[in-house]
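The numbering of the sequence shown is the working numbering, which starts it at 194 and goes up by one. Okay, so here's the structure we're looking at.
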Amino acid sequence: MNSEQEKTISPIKRALRAIEDLQAKVNQLEYAKREPIAIIGMGCRFPGAENPEAFWQLLRNGVDAITEVPADRWDLEKLYDPDPDAPGKVCTTKGGFLTQVDGFNPEFFGISAREAASIDPQQRLLLEVGWEALENATLAPEHIYNSLTGVFIGIYLNDYSKVMSAMGDSTQIDAFSAIGNSLSVAAGRLSYILGLKGPSMAIDTSCSSSLVSVHLACQSLRLGECNLALAGGVGLNLVPDTSIALSKSHMLNPNGRCQTFDAAANGFVKGEGCGVVVLKRLKDALADGDNILALVRGSAVNHNGRSSSLIAPNGMSQQATIRQALENSGVDSAQIDYVEVQGTGTSVGEPIEVAALGAVFGKNRSEAKPLVIGSVKTNIGHLEPASGIASLIKVVLALQHGEIPPHLHFQQPNPHIKWDELSLKVPTERMPWSVGGKRRLAGVNTFGFSGTNAHVIVEEAPISEAAPRLIERPLHLLALSAKTDEALIELAEKYEKHLAANPDLALGDICFSANNGRSHFQHRLSVVASSSSELYEKLAAFSAGQEVAGLFKGKVAGSPKIAFIFTNFSSQNLGMGRKLYETQPTFRAALDHCDQILRTYIEQPLLEILASASAPALFSLEYALFQLWKSWGIQPTTVMGNNIGKYVAACVAGVFSLEDGLKLVVKSQEDDFQQIAREVTYSQPKIPVVSQLSGEIATPEYWCQQIREPLNAASVNILTQQGYEIFVEIGSDRLSKNEKVSLLSLQPEKEDWQQLLETLGTLYIHGAKVDWLAFDLDYSRQRLQLPTYPWQRKRHWFGANRNGQGKVESLSPNQTINQPDFKQLVKQLEMTAELSQAELNLLPRLFELLEKQHQQSEIEEETNITLQQLNLQSLTAEDIQAWLVSQIAQELGVKPDEINVRIPFDSYGLDSVLAIGIASAGKQYLGLNMSPLLLVHYPTIESLSQHLAKEVEDSESETFEI
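And the structure:
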């Protein structure tokens, strides 16, 4: 509407329009406050379950994952007493425990072995599960680097600091100990490692911590503070202190089970674990094509206020939380099918919680459709700060699978719960939760002994039909990678098993999810296959150590220099590219563009002359292949052409436009070519063009000269002399066939896609950066949940914590032991019970030999120091490099042969603390004032060695002056 029309509108109509605009804005703000949040990924490590898939199997099969307390946690013989009031004792021998909590893969995260031993295993576990959650969401972590992604983590106890204190040796505390055991750093370290710039915080509300973290993450997303969020919780039980305290408060069940809702309920059993969900605003998740697992419709948090006691639950406050969560969700209580309850099985808390649920959800509910309630604590115990996220993940899995898993240990209903007055049902066996009809909704309820209550309303994922596959290529390429060869082999085995268990998955979706949703590391594997079954067979053969056609494996040494060579297609190759034209829209668009331009000069459509040996057809085919490679992210560092290929090379390098390039090719055999060449607009190449002709390529004279003096073949030697090792031939006349990596785009012996994907797979394993999203952009794809990274864990622990006893340290030749220390050492070795009496009897003799060795090494050390000082000026870069390798290996706690002198220091996890240590040692060894900043300016051992050698050469040795 223009200004003149606006003037003709009456004031009343203008006012009404303004009101409508304001109402629209209000509605928009209201929606933003209540916008559903999509759960697009999950990761977990729970007792008996390494991942969400295993967790679901545990739940649906009714598995009780409670076990005896592992021997490496605490000594049951000393600490167990069934009497909860026994001083310093634990009233149960049971718990829900993880395996390998002392194991970690620090190199993966760029953390040194030395620092890893000082990091709380809760932080380490969170790094692994957070990474897995992102992979589960098919989000490659580098794709969210520097993004507004928030991290919200529930955590409230740190047993590892008690493990460290129990060692009784303060000399073992280093600069990493404080950071490694700070609860706030649990969230901060995850943000730091992944490079996330949204809000990052640790939340401690005791047992409701992780559900509160989900609530805060959803609020942050709705407020626009972040665009993606990781929310969850973590808790580990490494020492018995809390269990002793809970025994005294009669919160632990002596029989070691959570018997939620049962008459025998007498407390809970402790568990441990970690869970993380990946959250995104629903509209963003839909726009990005994410795999939506479920929706958080709304949530609420409050506190009991002044209640009967600090730790006692408050029914009215719980009701208020639930009602607020329903209001925030825009959901009526009668719509809720299922509630995952706190359900700790305590005599006080359980009847209060169930009464609160009945008061809210019992209203307007028919007896024919009771509210179903259950608790995951009957399977894995009470995970305290991680209990809420375990409950949420259980509900999401139940919604996904259309089934409510059985609630365990419910035999006789708790008489303190008014079952007759409440319309409730406890599922003691698997119960269908049918998809279709009305929307399925559930609640997750938690409260903590801090007094904080939280409730979350969860809805099933929106039903979306897969887009029709209007076009599809006949073959696909799977790209797998890892940071070590062992991990790569294990990852391939995981995919093999996954394919065996899920044979109906679409191969295109598998490859898209793996290629686009994972980070790509140095050790790589690529596989070309036409079906999921063929991919399975090839991975199985690879695992068996067999040679496999269409499978390529290699290790990336660095960013490769790639040369594109544009040659001819010999007569027997003509007609190639037709399958590509039918199944690859980018290739087809490039050819169609050439066809449009050529209609000015040629009457026949390009497709009809594609099988001919005509120059325009050859040019167009090679140009379209280049555009295809370019769309996949494969761009050359230089180009070279032969015959018609010279024109294509110059065109793609930007010397002249496609229109001018085709004009030159069409007119290349005509007498007025010189005039045509002068009409062309030339530019300096944006990609280096290698040619044997002298002269400036961006001139008409150059192109007239090449007509008069045609070359029979371009020389690849020029490229090899410039350090090129990878050659991609855009044509079939192979000029680089004698080179190490010579790759064809098309060849007659193979189908178009077979050759293209084999070449792409080979480029990938040599380090080419493929744009995997663009690779599948022209096709309809769905994101799938696939196997996550196989961690290569090793033990990283603060000393040796065995059965609550002190650590036993190894001795180096440079350490001495006085007599009291020796006696203490013998005592510690006796307590480990790992040495026989005969071995213990040998200890005095061993001590004597160690003393002699120490005295001798002191003399040798003094001699070595003198020699180093005298020969300071003769030190070479190789000498300094050897010393740096040894020193850095010592600082990082790795073997010297694991150090690569050409990769950056931060690849080893070398941070400022370790840099200071190396600089200090360098001053002592080299006599130079070495700043830790040198490791920033000279970021590799090789470059730093060369710099320091020059410094030594320029300096004067004080010893020499004397």
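Even for Gly, the Cβ is constructed at its ideal location relative to N, Cα and C. Quick caveat, the model's predicted, so the values are computed rather than measured.
- In the three-state reduction of the DSSP assignment, Lys390 falls in the coil class.
- Apart from sequence neighbours up to five positions away, the residues of its chain that approach Val569 with a beta-carbon distance below 6 Å are Ala583, Ser584 and Lys587, ordered along the chain.
- Looking at the DSSP output, Thr831 shares a beta bridge with Ala756.
- Per DSSP, reduced to three states, the secondary structure at Met235 is strand.
- In this structure the region 469 to 485 does not lie against the region 299 to 306, because fewer than three pairs of beta carbons, one per stretch, are closer than 8 Å.
- Ranked by Cα distance from Ser627, the options Ile597, Phe603 and Phe640 are led by Ile597.
- For Arg871, the enclosing alpha helix (DSSP H) begins and ends at Phe866 to Glu872.
- Scanning its chain for C-beta atoms nearer than 6 Å, with the 5 sequence neighbours on each side dropped, one finds around Val873 the residues Phe849 and Asp853, in chain order.
- Non-local C-beta neighbours of Gln867 in its own chain, meaning closer than 6 Å and more than five positions away in sequence, comprise Cys897, ordered along the chain.
- Between the C-alpha atoms of Pro334 and Arg711 there is a straight-line separation of about 7 Å.
- Lys746 is positioned such that its CB atom lies no closer than 8 Å to that of Gln715.
- In the structure shown, Arg307 falls within a helical segment according to DSSP collapsed to helix, strand and coil.
- Residue environment analysis places Ser522 among the buried positions, since at least 16 neighbouring C-beta atoms fall within 10 angstroms of its C-beta.
- The Cβ-Cβ distance between Val532 and Ala635 falls below 8 Å.
- For Leu318 against Phe302, the beta-carbon gap comes to about 12 Å, at or over 8 Å, which does not count as contact.
- DSSP assignment within the region 370 to 458 yields the following whole alpha helix (DSSP H) runs of 4 residues or more, N-terminal first: 376 to 387, 402 to 416 and 434 to 441.
- Check the Cα spacing between Val378 and each of Ser363, Asp362 and Ile396: the tightest is with Ile396.
- For Ser559, same chain residues with a beta-carbon under 8 Å away, outside a window of 5 residues either side, are Ser616 in chain order.
- One thing to note: Pro980 has its Cβ within 8 Å of the Cβ of Lys687.
- For Met624, the pairing in a beta bridge is given by DSSP as Ile597.
- Contact annotation, Gly255 with Pro599: C-beta distance approximately 4 Å; criterion of less than 8 Å satisfied.
- The region 530 to 550 makes no contact with the region 430 to 440; the number of CB pairs closer than 8 Å stays below 3.
- Counted as a single uninterrupted DSSP element, the alpha helix (DSSP H) harbouring His786 occupies residues Pro778 to Leu791.
- The C-alpha of Lys754 lies about 21 Å from the C-alpha of Phe968.
- Between Ala817 and Ser861 the beta-carbon gap is near 20 Å, outside 8 Å, which marks them as no contact.
- According to DSSP, Leu472 shares a beta bridge with Ile232 and Ala422.
- Exposed is the label assigned to Val1129, since fewer than 16 other Cβ atoms lie within 10 Å of its Cβ.
- Under DSSP, Ile650 takes part in a beta bridge, and its partners are Gly491 and Gly636.
- Just measuring C-alpha positions, the residue of Ala548, Ala211 and Gly641 sitting nearest Asn497 is Gly641.
- Between Val651 and Val589, the beta carbon gap of about 7 Å places them in contact (Cβ cut-off 8 Å).
- Bounds of the beta strand (DSSP E) holding Leu718 are His716 to Ala722.
- Here Leu475 is not near Ala225, since their CB atoms are 8 Å or more apart.
- Counting along the chain, Tyr688 sits inside the alpha helix (DSSP H) bounded by residues Asp678 to Ala694.
- For the set Thr539, Val489, Gln914 and Ser725, the Cα lying nearest the Cα of His575 is the one of Thr539.
- In the displayed model, Ala675 falls within a strand according to three-state DSSP.
- Secondary structure note for Gly644: it is in no beta strand (DSSP E), with a DSSP letter that is neither H nor E.
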